[in-house]
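Numbering (mature numbering (1 follows the signal peptide of the UniProt record, and there is no 0)), first residue to last: -25 to -1, 1 to 716.
From the three backbone atoms N, C-alpha and C, an ideal C-beta is built for every residue, glycine too.
Okay, so here's the structure we're looking at.
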């Protein structure tokens, strides 16, 4: 049994426990409505940006008639109605087959939409670059005329404008090109990529696990490009099948499994005027990760973050364009792993801001140009989530953080010149994501809370809203309006883990909740280092389906999940399937103690890492979970990729005992017959299908009944409304059979 449990419940939760909610004749959610157009969460602005001259706002917006296709919209900062700049249907074809490189890149970036998925402003603010379905288009701001910059059989990938304008770079067929926009002249600036050699791209592991999606970087003056050469010859070939509804394709994928070789990455600086390449020496050991590349503001230096294979050492290297060996500016070390970020910020005089977890939380530090520490900028029992902007004129750094509450996110600013407390720029009570202008004069902010779907606006430096970009008001015209009073808001609280750490949870109670009755529970979980689920944000209408069906929905962020202290996140080191599962088991046993929970009817569900957590929880000895739905689960960490797996589990060679201990197959004798629904996409190139088929094989050999659902043509995520409608009907059917009889 767990140690002492502590509980913090809102006043609203206590009131709800004392008095049963009245049942009114209100609108009822159905799976058919949740997975249909328009989106029940309302219209949203994606990728909103200010033009360089600060006069126009641009953003991507899904079509009302098809939420999977995005158009490019614009609106004047000073007022007026938003309007469509690029209608994706005018340029795109639903039948367009993207190249494997583009499909893989979108999968890595978790981009599921079609149409316009990215764009870039020309520095003059007169033209926008719009890559669409493998081609590159230019949009004239004044006339709204669209012209095609490329028309080739191959797909142009990762297109980026020259910072000084006049040129665009992109990768096609593993080769980096630059095109002059005035003349239309194109030239390759790298050797031809083919086979296992690519130029200007981020390798699989960088995209999937290092949050680096590009392999080339323009200099600030637009005269040079740093590019990566990727050699995948050492990487193992994993033969997998992409099985869809009309046939099967065999794919020989270079997939770097844990403990096996990675791709070799090297760097070069290309001078566009002379056409010469200069290699950047990354060191004698090629078994490293190229984590980040940054140009100095004056364009005279290249800074590279080099991460060791075991991810315990991160070096910041400086390369002068005048030549010579690189200089190690600073080094971060850890006895577990060094967490990567995008928070390196240079000041005009060469000083820079750097983020580090060295004091037990992720905080900001100010260094001089030689790498000597000047001072710690932020401190306290909270982590900085990201640097949003630097205001050099005022000596302030803007950052996002859960400074006031773990379950909230806000925008703050503080002096980097002298000790000072963070000052909130945004209101409390929910979850903000922001894009602050480089001079910190304005920011685009998206806000959500349990009663507010995502709203995006333009704000000034004081946090005052200048105008809406997408108000998404929950009024009578909103798609969710008819349901807004039908389902209760989430309740929040916390438990105490075995090591004393706070574990935050949220709970959704069934429609018409009666505290005198006992209800089945579905624990909806991710539970991994990539995502925090317990937050004061808008509740997905899909989760409301379980409220409608009479379930309590419970989510607990176990140890190892992000936006917490180093101690909290590192508890899982070398034991994925240990403390994280202990926390979920403890949470379920606490649920069993509640007077309105049926202790014999607790289920669990999750996808990806959540699928792993589901399987591990179901196969724990004396588990309180009686049913579980596991989607696309990693089931044996030796099958998963190097950077993710080794970061948390070390290598199979160095941690063999725990690789075996947390292998799901080795725990299947604990699985209750008929308690598992197993699901997987049949074209998954991330958590390969073998993760599921090995469990299927083992269960069949043990003659343990289970249920299986495969999704032809789907990769790691299930994207379409049609497939997700089917998936949630499946969930409801499964749990109704397992938890209501």
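- Counted as a single uninterrupted DSSP element, the beta strand (DSSP E) harbouring residue 409 occupies residues 406 to 411.
- By the 16-neighbour rule on beta-carbons within 10 angstroms, residue 617 is buried.
- Ranking 296, 372, 311, 607 by CA distance to the CA of residue 327 puts 372 first.
- With three or more CB-CB distances shorter than 8 Å, the stretch 478 to 488 counts as touching the stretch 518 to 535.
- Within its own chain, the residues whose Cβ lies closer than 6 Å to the Cβ of residue 234, once the five positions on either side in sequence are excluded, are 626, 627, 628, listed in chain order.
- Between residue 585 and residue 501, the C-beta gap is smaller than 9 Å, which places the two residues in contact.
- Setting aside the 5 residues that flank it on each side, residue 254 is surrounded in the same chain by 243, each with a C-beta closer than 6 Å to its C-beta; the list follows chain order.
- If you look at residue 319, you'll find it isn't in any beta strand (DSSP E); DSSP assigns it neither H nor E.
- Every unbroken stretch of the beta strand (DSSP E) spanning 3 or more residues and falling wholly within the stretch 565 to 622 is given here in chain order: 572 to 582, 602 to 606.
- Beta-bridge annotation (DSSP): residue 199 is paired with 246.
- Assigned with DSSP and collapsed to three states, residue 375 falls in strand.
- For residue 710, there is no enclosing beta strand (DSSP E); the residue is found in the alpha helix (DSSP H) stretching over 696 to 714.
- Residue 537 carries a coil assignment under DSSP once its states are collapsed to helix, strand and coil.
- The alpha-carbon separation between residue 491 and residue 571 amounts to approximately 6 Å.
- Secondary structure at residue 562: helix, using DSSP grouped into helix, strand and coil.
- Residue 639 carries a helical assignment under DSSP once its states are collapsed to helix, strand and coil.
- The stretch 237 to 252 and the stretch 117 to 135 do not touch, with fewer than three beta-carbon pairs separated by less than 8 Å.
- The distance from the Cβ of residue 527 to that of residue 482 is about 6 Å, consistent with a contact at the 8 Å cut-off.
- Burial is judged here by how many other beta carbons sit within 10 angstroms of a residue's own beta carbon; residue 374 has at least 16 and is buried.
- Segment contact: the stretch 535 to 551 against the stretch 504 to 518, three or more CB-CB distances shorter than 8 Å; contact assigned.
- Note on geometry: alpha-carbon atoms of residue 711 and residue 574 lie some 16 Å from one another.
- Residue 344 and residue 704 have their alpha carbons spaced roughly 58 Å apart.
- One thing to note: residue 687 has its Cβ within 9 Å of the Cβ of residue 658.
- Taken atom to atom, the span from the alpha-carbon of residue 579 to that of residue 471 is near 20 Å.
- Burial state of residue 354 is exposed, judged by a 10 Å Cβ sphere holding fewer than 16 other Cβ atoms.
- Rounded to whole angstroms, the separation of the alpha carbons of residue 348 and residue 324 is 15 Å.
- Per DSSP, the continuous alpha helix (DSSP H) segment holding residue 183 begins and ends at 179 to 184.
- Uninterrupted beta strand (DSSP E) stretches at least 3 residues long and entirely within the stretch 118 to 190 occur at 121 to 123, 132 to 136, 142 to 147, 150 to 155, 161 to 163, 172 to 174, given in chain order.
- Contact between residue 194 and residue 96 is ruled out by a C-beta separation of about 18 Å, above the 8 Å threshold.
- Per DSSP, the unbroken beta strand (DSSP E) holding residue 227 starts and ends at 222 to 229.
- In this structure, 93 is the residue among 93, 28, 3, 41 with its C-alpha nearest to the C-alpha of residue 47.
- In the DSSP assignment, residue 453 is bridged to no other residue.
- Below 8 Å, too few C-beta pairs join the stretch 259 to 268 and the stretch 210 to 222 to call them touching: fewer than three.
- Exclusion of the five residues before and after residue 114 leaves 60, 61, 102, 103, 105, 121 as the residues of its chain whose Cβ lies within less than 7 Å of its Cβ.
- Boundaries of the alpha helix (DSSP H) around residue 8: 6 to 9.
- Only exposed fits residue 2, as fewer than 16 other CB atoms lie within 10 angstroms of its CB.
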